[in-house]
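Q: Pasting a structure here, questions to come.
Protein chains: 2
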Amino acid sequence: MRTIIECVPNVSEGRDRAAIDAMASAVRSTPGVRLLDVSSDGSHNRSVLTFVGDAAAVREGVRSLFREAIARIDLRTHRGEHPRMGAVDVVPFIPVRGSSVEECVALSREVGAAIAEEFGIPVFLYEDSASSEHRRNLAEVRKGQFEGFGEKMKDPQWAPDFGPAAPHPTAGAVAMGARPFLIAYNINLGTKDLTVADRIAKAIRHLSGGFRFVKAMGVELADRGIVQVSINMTNFRKTPLHRVFECVRSEADRYGVPIVGSEIVGLAPADALFAVAEHYLRLERFSAEQVLETKLLTE
Amino acid sequence: MRTIIECVPNVSEGRDRAAIDAMASAVRSTPGVRLLDVSSDGSHNRSVLTFVGDAAAVREGVRSLFREAIARIDLRTHRGEHPRMGAVDVVPFIPVRGSSVEECVALSREVGAAIAEEFGIPVFLYEDSASSEHRRNLAEVRKGQFEGFGEKMKDPQWAPDFGPAAPHPTAGAVAMGARPFLIAYNINLGTKDLTVADRIAKAIRHLSGGFRFVKAMGVELADRGIVQVSINMTNFRKTPLHRVFECVRSEADRYGVPIVGSEIVGLAPADALFAVAEHYLRLERFSAEQVLETKLLTE
Numbered sequence: 003m004r005t006i007i008e009c010v011p012n013v014s015e016g017r018d019r020a021a022i023d024a025m026a027s028a029v030r031s032t033p034g035v036r037l038l039d040v041s042s043d044g045s046h047n048r049s050v051l052t053f054v055g056d057a058a059a060v061r062e063g064v065r066s067l068f069r070e071a072i073a074r075i076d077l078r079t080h081r082g083e084h085p086r087m088g089a090v091d092v093v094p095f096i097p098v099r100g101s102s103v104e105e106c107v108a109l110s111r112e113v114g115a116a117i118a119e120e121f122g123i124p125v126f127l128y129e130d131s132a133s134s135e136h137r138r139n140l141a142e143v144r145k146g147q148f149e150g151f152g153e154k155m156k157d158p159q160w161a162p163d164f165g166p167a168a169p170h171p172t173a174g175a176v177a178m179g180a181r182p183f184l185i186a187y188n189i190n191l192g193t194k195d196l197t198v199a200d201r202i203a204k205a206i207r208h209l210s211g212g213f214r215f216v217k218a219m220g221v222e223l224a225d226r227g228i229v230q231v232s233i234n235m236t237n238f239r240k241t242p243l244h245r246v247f248e249c250v251r252s253e254a255d256r257y258g259v260p261i262v263g264s265e266i267v268g269l270a271p272a273d274a275l276f277a278v279a280e281h282y283l284r285l286e287r288f289s290a291e292q293v294l295e296t297k298l299l300t301e
Numbered sequence: 003m004r005t006i007i008e009c010v011p012n013v014s015e016g017r018d019r020a021a022i023d024a025m026a027s028a029v030r031s032t033p034g035v036r037l038l039d040v041s042s043d044g045s046h047n048r049s050v051l052t053f054v055g056d057a058a059a060v061r062e063g064v065r066s067l068f069r070e071a072i073a074r075i076d077l078r079t080h081r082g083e084h085p086r087m088g089a090v091d092v093v094p095f096i097p098v099r100g101s102s103v104e105e106c107v108a109l110s111r112e113v114g115a116a117i118a119e120e121f122g123i124p125v126f127l128y129e130d131s132a133s134s135e136h137r138r139n140l141a142e143v144r145k146g147q148f149e150g151f152g153e154k155m156k157d158p159q160w161a162p163d164f165g166p167a168a169p170h171p172t173a174g175a176v177a178m179g180a181r182p183f184l185i186a187y188n189i190n191l192g193t194k195d196l197t198v199a200d201r202i203a204k205a206i207r208h209l210s211g212g213f214r215f216v217k218a219m220g221v222e223l224a225d226r227g228i229v230q231v232s233i234n235m236t237n238f239r240k241t242p243l244h245r246v247f248e249c250v251r252s253e254a255d256r257y258g259v260p261i262v263g264s265e266i267v268g269l270a271p272a273d274a275l276f277a278v279a280e281h282y283l284r285l286e287r288f289s290a291e292q293v294l295e296t297k298l299l300t301e
């Protein structure tokens, strides 16, 4: 696998085990695809599939998923707490290795056109693939949900990027788009004072003047008697972990508070960790091809 | 590949392209084996093959290599600058992921016994596999070379660990053993003064009181007008990169000299870089299974 693209489709089924298994197995049996995770939430009535492959494999994985999801899910009878507009609700394409956001934008357009054509489902490009600014935010795209989408799509502002001018009768519509890998990263502070975490969160997050690709908030870890700056790193290549860590350290210093630890929640691409080592060791001419495991994986 | 063991056999042929290719292809075509590199040196008349696999695959790769090497190499007519005692001269087994030095010691014993039995070649265990202290050092084991090995082996001190009491008539004898992954790591100093690099090398190396798993010397980089501490990290798990880097930084400080950069030469296991990120980010509960690429490779 020379290129690794991650695809994390959300489907509107989180209760019917047989249907979830059938969709997972449709993805898993696609040549070149590795299904890494399936998480289902009953109250949301929604499942998230995580799989990887190169562009061609991911495209086929998405097609297999749609085939199964359309056969299994009827949104007219679907109920759940999470907003949704489609049987396959949203399909993000995320570059991990050997691919760029730009290539994933191209892939989302290619897959979007193919899905619209094959299944007669309207496709809306969002995030970095969005065809105009008001379609970038998923919540905006999804507003109205399945029940309101027929009406919403009458507005020329909400014509689909691909496919028919009205939602699919049972499968609705789908949002597809490219975005960078998101890393959930928390930094733990040696104090009980939540205002310190809140102030530091404010200092580093984009919204209030901080780093472009950081979302953050203060959180209390009552069981440990400490507080945490809880962070979403939305583009670790442009805003790397170590830069945020050092900024938090400097801000915490000002309150006389130490960093007691930090934590990566869930998965991260190897490059995010390599960049940290490169920074602190001041590595010259380092390449991930020098790392035996990445070399093995991508050769 | 859940377990990754690296095997780096040295064979006594560095000139005959057809012979080298035949040996490389014998290894490459072994199921489960990935041949990463073949480096040949004409004046040494010697080639180094680098391949990886799990224990069973590596064992079969070594067997395939011996079959081809014995057919192709006759040490009675072999000339080259590098000392050698065997057609396959030395076979190191190196744990990279999901395996320990102890497991590689067991593997070297298993493969050694099998090779002795199948090909009638005496096998000497060295490094961490050595059956006694005086056999640990490869140079000691190889002393006498092919031409002197019949005589050397008459000494009970130099009875082989496996196989016949005399060298194979054309293929000699072989050293096999486990050792940790060796990382070649250099730290560049912002000075022209070689004595600073020499003193720092002395401070960090095991020989003169430094870290247990560090070999180091000062080197001049004339073209860049700087000096370098050139380091072999012989066990990055017990003596990690960041600890050596910080020690060099502190020693260099004492001379008012900055670290201008550092460099990993050749390959390194991902864990060596992850450990650096863990240290500086103070990561809690980090596991390589959280890294998408290592998860993909070893699942």
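Sequences listed follow chains A and B, in order. Sequential numbering from 3 applies to the first sequence in the working numbering. Sequential numbering from 3 applies to the second sequence in the working numbering. Note that the Cβ used here is the ideal one computed from N, Cα and C, for glycine as well.
For the structure I just gave you, are there three or more beta carbon pairs, one from the segment 217-235 of chain B and one from the segment 246-256 of chain A, closer than 8 Å?
A: With a cut-off of 8 Å, the segment 246-256 of chain A and the segment 217-235 of chain B do not count as touching, because too few Cβ pairs lie within range.
Q: Answer with yes or no whether the minimum CB distance from His170 of chain A to chain B is below 8 Å.
A: Taking Cβ atoms only, chain B never reaches closer than 8 Å to His170 of chain A, which makes this a no.
Q: Is there a Cβ of chain A sitting closer than 8 Å to that of Asn51 of chain B, yes or no?
A: Residue identity differs from the one stated: residue 51 of chain B is Leu in this sequence, not Asn. Leu51 of chain B does not count as touching chain A.
Q: Among the residues of its own chain, which have a CB less than 8 Å from the CB of Lys154 of chain B, if the five just before and after it don't count?
A: Contacts found: Lys145, Gly146 and Trp160.
Q: Considering only residues of the same chain and omitting the five flanking positions on each side of Leu38 of chain B, which have a CB-CB separation below 7 Å?
A: Result list for Leu38 of chain B: Thr52, Phe53 and Val54, in chain order.
Q: Give the C-beta separation of Thr5 of chain B and Asp56 of chain B to the nearest angstrom, bearing in mind that I take them to be a contact with Cβ-Cβ under 8 Å.
A: That pair is a contact at about 4 Å.
Q: With DSSP as the reference, please indicate the residues paired to Cys9 of chain A in a beta bridge.
A: According to DSSP, Cys9 of chain A bridges with A:Phe53 and A:Phe95.
Q: By Cβ distance below 8 Å, which residues in the same chain neighbour Pro162 of chain A in space, the five residues on each side in sequence not counted?
A: For Pro162 of chain A, where only same-chain residues beyond five positions count, the Cβ hits under 8 Å are Ala118, Pro124, Val125, Phe126, Met155 and Ala175.
Q: Please check the pair Tyr282 of chain A and Val278 of chain B, which I expect to be a contact at CB under 8 Å, by giving their CB distance rounded to whole angstroms.
A: Confirmed, Cβ separation roughly 6 Å.
Q: Quick check on DSSP: helix, strand or coil for Lys194 of chain A?
A: Three-state result, Lys194 of chain A: coil.
Q: Please list the residues of the segment 221-248 of chain B that have a C-beta atom closer than 8 Å to any C-beta atom in chain A, keeping them in chain order.
A: Those would be Leu243, His244 and Phe247, in chain order.
Q: Which residues mark the beginning and the end of the beta strand (DSSP E) in which Met235 of chain B is found?
A: Here the beta strand (DSSP E) through Met235 of chain B covers Ile228 to Met235.
Q: Taking a cut of 7 Å between CB atoms, which residues from the segment 269-285 of chain A lie near chain B?
A: Of all residues in the segment 269-285 of chain A, Leu269, Ala270, Pro271, Ala272, Leu275, Phe276, Val278, Ala279, Tyr282, Leu283, Arg284 and Leu285 have a Cβ within less than 7 Å of some Cβ in chain B.
Q: For the alpha helix (DSSP H) containing Glu253 of chain A, name the first residue and the last one.
A: Start and end: Leu243 to Arg256.
Q: Taking the CB atoms as reference points, tell me whether Glu8 of chain B and Phe183 of chain B lie closer together than 8 Å.
A: Yes, they are a contact pair.
Q: Are the CB atoms of Gly16 of chain B and His46 of chain B within a distance shorter than 8 Å?
A: Against a cut-off of 8 Å, the Cβ pair of Gly16 of chain B and His46 of chain B comes out as a contact.
Q: Is it the case that the Cβ atoms of Glu295 of chain A and Glu295 of chain B are separated by a distance below 8 Å?
A: A contact, by the Cβ cut-off of 8 Å.
Q: Give a yes or no on whether 8 Å exceeds the smallest Cβ distance from Arg214 of chain A to chain B.
A: Output row for Arg214 of chain A: interface = no.
Q: Any idea if Ala180 of chain B is buried or exposed, counting beta-carbon neighbours within 10 angstroms, 16 or more meaning buried?
A: Buried is the call here.
Q: Give the DSSP-derived three-state secondary structure of Ala177 of chain B in the structure shown.
A: Here Ala177 of chain B sits in strand by DSSP.
Q: If you draw a straight line from the C-alpha of Ser289 of chain A to the C-alpha of Arg74 of chain A, how long is it?
A: Their backbone Cα atoms lie some 45 Å apart in a straight line.
Q: If you run the structure through DSSP and keep just helix, strand and coil, what is Lys217 of chain B?
A: In this structure, Lys217 of chain B counts as strand in the three-state DSSP scheme.
Q: How would you call His136 of chain B, buried or exposed, if buried means at least 16 neighbouring beta carbons within 10 angstroms?
A: It is exposed - the Cβ of His136 of chain B has fewer than 16 other Cβ atoms within 10 Å.
Q: Return the bridge partner residues of Tyr128 of chain B from the DSSP annotation.
A: Bridge partners of Tyr128 of chain B: none, in fact.
Q: Tell me the rounded alpha-carbon separation between Ser66 of chain B and Val40 of chain B.
A: Ser66 of chain B and Val40 of chain B: Cα-Cα distance of roughly 16 Å.
Q: By how many angstroms is the C-alpha of Glu70 of chain B removed from the C-alpha of Ala24 of chain B?
A: If you take the alpha carbons of Ala24 of chain B and Glu70 of chain B, they lie about 7 Å apart.
Q: Output, in sequence order along the chain, the residues in the segment 287-298 of chain B whose CB is closer than 8 Å to any CB in chain A.
A: Within the segment 287-298 of chain B, the qualifying residues are Arg287, Phe288, Gln292, Val293, Leu294, Glu295, Thr296, Lys297 and Leu298.
Q: Along chain A, which residues have their Cβ under 7 Å away from the Cβ of Val98 of chain B?
A: Within 7 Å Cβ-Cβ: Leu294.
Q: Using only CA atoms, which one of B:Ile22, B:Val60 and B:Gly63 lies nearest to Val50 of chain B?
A: Of the listed residues, the one whose Cα sits closest to Val50 of chain B is B:Ile22.
Q: Cα-Cα, which of A:Lys194, A:Arg48 and A:Arg245 is closest to His84 of chain A?
A: Nearest option by C-alpha distance: A:Arg48.
Q: Determine the closest residue to Val92 of chain A out of A:Leu275, A:Gly212, A:Val143 and A:Asp225, with distance taken between C-alpha atoms.
A: Nearest of A:Leu275, A:Gly212, A:Val143 and A:Asp225 to Val92 of chain A, Cα basis: A:Val143.
Q: With 8 Å as the threshold, decide whether the Cβ of Ser66 of chain B is near any Cβ in chain A.
A: Chain A, which has no Cβ nearer than 8 Å to the Cβ of Ser66 of chain B, makes this no.
Q: So, under 8 Å CB-CB, Val216 of chain B and Arg207 of chain B are touching, yes? Tell me the CB distance rounded to an integer number of Å.
A: 5 Å between Cβ atoms; contact.
Q: Which residues in chain A have a C-beta closer than 9 Å to the C-beta of Ser31 of chain B? List them in chain order.
A: Going along chain A, no residue has its Cβ under 9 Å from Ser31 of chain B, so there is no contact; the nearest lies around 17 Å.
Q: With a 10 Å radius around its C-beta and 16 neighbouring C-beta atoms as the bar for buried, classify Thr79 of chain B as buried or exposed.
A: Flag for Thr79 of chain B reads exposed.
Q: Tell me which residues share the same chain as Phe213 of chain B and place their Cβ nearer than 8 Å to its Cβ, disregarding the 5 neighbours each side in the sequence.
A: Answer for Phe213 of chain B: Ile206, Arg207, Thr241, Arg245, Val246 and Cys249, listed in chain order.
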